[in-house]
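**Student:**
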Amino acid sequence: MSDERRTLYTAEDLAQWDPQRQLGAPGEYPYTRGPHASMYTGRLWTMRQYAGFGTAAATNERFR
Numbered sequence: 021m022s023d024e025r026r027t028l029y030t031a032e033d034l035a036q037w038d039p040q041r042q043l044g045a046p047g048e049y050p051y052t053r054g055p056h057a058s059m060y061t062g063r064l065w066t067m068r069q070y071a072g073f074g075t076a077a078a079t080n081e082r083f084r
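Just so we're aligned, residue 21 is where the sequence shown starts under the working numbering, counting upward by one.
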């Protein structure tokens, strides 16, 4: 497989592609569709703030 990117892909490009092996089912390895079977239709995305830099006291102060 090359690193070439094209603007159009056809069924011929996917002839050797096995979706069960390479994409998987929702909630199952390799988790390409999300970690939960209903992702992302049953649970919205979350945006989490960055924490864990500096000391515990500095992190706590940042969130106050």
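Ideal Cβ positions, reconstructed from N, Cα and C, are used throughout, including at glycine.
Note down the Cα distance separating Pro-50 from Pro-39, rounded to an integer number of angstroms.
**Tutor:** Going by the C-alpha atoms only, they are around 11 Å apart.
**Student:** Once the 5 residues before and after Leu-43 are set aside, which same chain residues still bring their CB inside 6 Å of it?
**Tutor:** Thr-52
**Student:** Taking the continuous alpha helix (DSSP H) assigned at Thr-79, which residues delimit it?
**Tutor:** 76–83
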